[in-house]
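Peer 1:
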Amino acid sequence: MWTQGLVVARRDWNDKLFTLSIKAEIAPFIAGQFIKLSQVLADKRVARAYSIVSAPDAELLEVLAIKVEAGQLSPALHQLAIGDAITVSTKAAGFLTLDELPQSADYSNLWFLATGTGVGPFISMLRTQAPWLKYEKIILVYGVSYQTDIAYHDVIQQLLLQYPKQFVFIPMVTRDPEASVSMANALHCRIPQGLVSGELETRAQVDINPQSSQVMICGNPEMISEVQTLLLERGLSKNLRRAPGQITLEKYW
Numbered sequence: 001m002w003t004q005g006l007v008v009a010r011r012d013w014n015d016k017l018f019t020l021s022i023k024a025e026i027a028p029f030i031a032g033q034f035i036k037l038s039q040v041l042a043d044k045r046v047a048r049a050y051s052i053v054s055a056p057d058a059e060l061l062e063v064l065a066i067k068v069e070a071g072q073l074s075p076a077l078h079q080l081a082i083g084d085a086i087t088v089s090t091k092a093a094g095f096l097t098l099d100e101l102p103q104s105a106d107y108s109n110l111w112f113l114a115t116g117t118g119v120g121p122f123i124s125m126l127r128t129q130a131p132w133l134k135y136e137k138i139i140l141v142y143g144v145s146y147q148t149d150i151a152y153h154d155v156i157q158q159l160l161l162q163y164p165k166q167f168v169f170i171p172m173v174t175r176d177p178e179a180s181v182s183m184a185n186a187l188h189c190r191i192p193q194g195l196v197s198g199e200l201e202t203r204a205q206v207d208i209n210p211q212s213s214q215v216m217i218c219g220n221p222e223m224i225s226e227v228q229t230l231l232l233e234r235g236l237s238k239n240l241r242r243a244p245g246q247i248t249l250e251k252y253w
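Letter 183 of the sequence shown, counting from 1, is numbered 183 in the numbering used here, and no numbers are missing.
Okay, structure coming up:
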């Protein structure tokens with residue numbers, strides 16, 4: 001089912017990456033879930049899924065999107081201005097949530113591995129109290145091509161100030177290695193390469209292992225496939241309801 005939403009704010013992180021803040025009446029959701037946005041284009045309804053970046057108790061729905069030139073919906077979304085209408089699904093969906101993780105107290109470290117707009121569900125989770133109450137260390141690894149592709153850097157900086165001993169942020173910037181990333185711990189390689197070399201864990205000062213780590217992955221399917229293979233080789237297993245493990249993932253396109 002659909003409801004009419006209203007764009008009440010937008011933020012452009014660069015010329016293609018943007019956040020829409022939407023006022024819409026939808027059913028309660030869990031941090032990490034996604035909704036669908038749709039528009040009627042050329043007499044045809046076009047709908048796509050977008051993760052909710054806002055916390056469940058926020059007044060507005062935030063979605064992070066990137067304009068894809070050949071995309072069916074994202075160019076139209078990129079043109080939306082404050083006051084424009086947008087159709088929103090009334091119920092969120094998805095299983096990339098903290099509720100789906102094993103509840104054993106042995107898991108003291110939570111890793112978020114994201115590329116591009118796949119960081120959205122993790123920002124939503126980090127805006128809640130749930131991860132901070134459960135895990136000793138939370139590591140957000142955010143892979144982008146350019147420094148200017150880092151969205152929600154202000155939220156991340158605030159979390160670093162609020163949880164200086166608990167939160168680690170590692171931006172992975174691949175295409176402008178000479179750029180001066182304003183946040184500490186930056187690496188200039190892809191996430192899989194950082195795992196293979198050991199640099200990622202060295203920067204985090206936390207090991208990824210099946211005894212103490214939960215790893216959530218969202219973003220580029222190629223990255224997810226490579227990282228999952230590397231983690232399986234280390235003895236971690238995919239997290240399933242019938243067989244709890246340490247790897248929870250969601251392909252973002």
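Backbone N, C-alpha and C define an ideal beta-carbon position, used for all residues, glycine too.
For Thr-229, report the span of its beta strand (DSSP E) as first-last.
Peer 2: For the purposes of this step, residue 229 is taken as the residue at position 229 of the sequence shown. Unbroken run through Thr-229 is the alpha helix (DSSP H), 221–233; no beta strand (DSSP E).
Peer 1: Closest by CA to Ala-9, which one among Trp-2, Asp-57, Ala-24, Ile-156?
Peer 2: Stepping through the sequence shown from its first residue, residue 9 is reached at position 9. When each option's Cα is compared against that of Ala-9, the closest is Ala-24.
Peer 1: Taking buried to mean at least 16 other C-beta atoms within 10 Å of its own C-beta, is Ile-138 buried or exposed?
Peer 2: Position 138 of the sequence shown holds residue 138. Ile-138 comes out buried.
Peer 1: Rounded to whole angstroms, what is the Cα-Cα separation between Gln-4 and Glu-222?
Peer 2: Numbered from its first residue, the sequence shown carries residue 4 at position 4. Numbered from its first residue, the sequence shown carries residue 222 at position 222. Roughly 35 Å separates the two Cα atoms.
Peer 1: By Cβ distance below 7 Å, which residues in the same chain neighbour Leu-160 in space, the five residues on each side in sequence not counted?
Peer 2: One-based indexing of the sequence shown puts residue 160 at position 160. Excluding sequence neighbours, Leu-160 sits near Phe-167, Phe-169.
Peer 1: Please determine, among His-188, Ala-184, Lys-165, the residue with the shortest C-alpha to C-alpha distance to Asp-176.
Peer 2: Within the sequence shown, numbered from 1, the residue matching residue 176 stands at position 176. Closest by alpha carbon: His-188.
Peer 1: Specify the secondary structure class of Pro-75 as computed by DSSP and reduced to three states.
Peer 2: Within the sequence shown, the letter at position 75 stands for residue 75. It is helical.
Peer 1: For Ala-31 and Ser-108, I'd like the C-alpha separation in whole angstroms.
Peer 2: Position 31 of the sequence shown holds residue 31. Position 108 of the sequence shown holds residue 108. Answer to the nearest angstrom: the Cα atoms are 20 Å apart.
Peer 1: Using 8 Å for Cβ pairs, my map puts Phe-293 next to Ala-65. What's the rounded Cβ distance?
Peer 2: There is simply no residue 293 to check, as the chain begins at 1 and stops at 253 in what is shown.
Peer 1: Determine whether the beta carbon atoms of Val-141 and Leu-80 lie at a separation below 7 Å.
Peer 2: Position 141 of the sequence shown, counted from the first residue, corresponds to residue 141. Position 80 of the sequence shown, counted from the first residue, corresponds to residue 80. Taking 7 Å as the Cβ cut-off, Val-141 and Leu-80 do not qualify as a contacting pair.
Peer 1: Taking the alpha-carbon of Ala-42 as reference, which of Thr-174, Leu-73, Trp-111, Glu-250 has the nearest alpha-carbon?
Peer 2: Numbered from its first residue, the sequence shown carries residue 42 at position 42. When each option's Cα is compared against that of Ala-42, the closest is Leu-73.
Peer 1: How is Phe-34 classed by DSSP in three states: helix, strand or coil?
Peer 2: For the purposes of this step, residue 34 is taken as the residue at position 34 of the sequence shown. In this structure, Phe-34 counts as strand in the three-state DSSP scheme.
Peer 1: Compare the C-alpha of Ile-52 against each of Gly-116, Trp-111, Ala-92, Gly-194 and name the closest.
Peer 2: Residue mapping note: residue 52 aligns to position 52 of the sequence shown, counting from 1. The shortest Cα separation from Ile-52 among Gly-116, Trp-111, Ala-92, Gly-194 belongs to Ala-92.
Peer 1: Determine the direct distance from the alpha carbon of Leu-37 to that of Asp-207, and round the result to whole angstroms.
Peer 2: The count along the sequence shown starts at 1 and reaches residue 207 at position 207. The count along the sequence shown starts at 1 and reaches residue 37 at position 37. Going from the Cα of Asp-207 to the Cα of Leu-37 covers about 38 Å.
Peer 1: Out of Gln-39, Arg-127, Glu-136, which one is the CA nearest neighbour of Ala-204?
Peer 2: For the purposes of this step, residue 204 is taken as the residue at position 204 of the sequence shown. Considering only alpha carbons, the answer is Glu-136.
Peer 1: With C-beta atoms as the reference, is Pro-56 less than 7 Å away from Phe-95?
Peer 2: Along the sequence shown, read from residue 1 onward, the residue named residue 56 stands at position 56. Along the sequence shown, read from residue 1 onward, the residue named residue 95 stands at position 95. It is not a contact, given that the beta carbons lie outside the stated cut-off.
Peer 1: Go ahead and label Gln-157 buried or exposed: buried means 16 or more other beta carbons lie within 10 angstroms of its beta carbon, across all protein chains shown.
Peer 2: Sequence index remark: in the sequence shown, residue 157 carries index 157 (1-based). It counts as exposed.
Peer 1: In the DSSP assignment, find the unbroken alpha helix (DSSP H) run with Gln-4 in it and report its ends.
Peer 2: Looking up residue 4 in the sequence shown gives position 4. Unbroken run through Gln-4 is the beta strand (DSSP E), 2–12; no alpha helix (DSSP H).
Peer 1: Would the beta-carbon of Glu-62 fall within 7 Å of that of Ser-21?
Peer 2: The residue given as residue 62 occupies position 62 in the sequence shown. The residue given as residue 21 occupies position 21 in the sequence shown. Result yes, Cβ atoms of Glu-62 and Ser-21 sit closer than 7 Å.
Peer 1: Verify whether the separation of the beta carbon atoms of Trp-13 and Ala-151 is less than 7 Å.
Peer 2: Along the sequence shown, one-based indexing puts residue 13 at 13. Along the sequence shown, one-based indexing puts residue 151 at 151. It is a contact, given that the beta carbons lie within the stated cut-off.
Peer 1: Nearest to Lys-67 by CA position, among Thr-174, Thr-87, Arg-48, Ser-197, is which residue?
Peer 2: Within the sequence shown, the letter at position 67 stands for residue 67. Looking at the Cα atoms, Arg-48 is the closest of the given residues.
Peer 1: Any chance you could list the beta strand (DSSP E) runs of at least 3 consecutive residues sitting entirely within the region 97–157, in chain order?
Peer 2: 109–115, 137–144
Peer 1: Quick check: is the beta carbon of Ile-156 nearer than 7 Å to any beta carbon in chain D?
Peer 2: This model lacks chain D altogether, as it is built from one protein chain only.
Peer 1: Give me the residue from Trp-2, Asn-220, Gly-235 with the minimum Cα distance to Gly-89.
Peer 2: Here residue 89 corresponds to residue number 89 of the sequence shown, with the count starting at 1. Per the sequence shown, residue 89 should be read as Ser rather than Gly. Among Trp-2, Asn-220, Gly-235, the Cα nearest to that of Ser-89 is on Trp-2.
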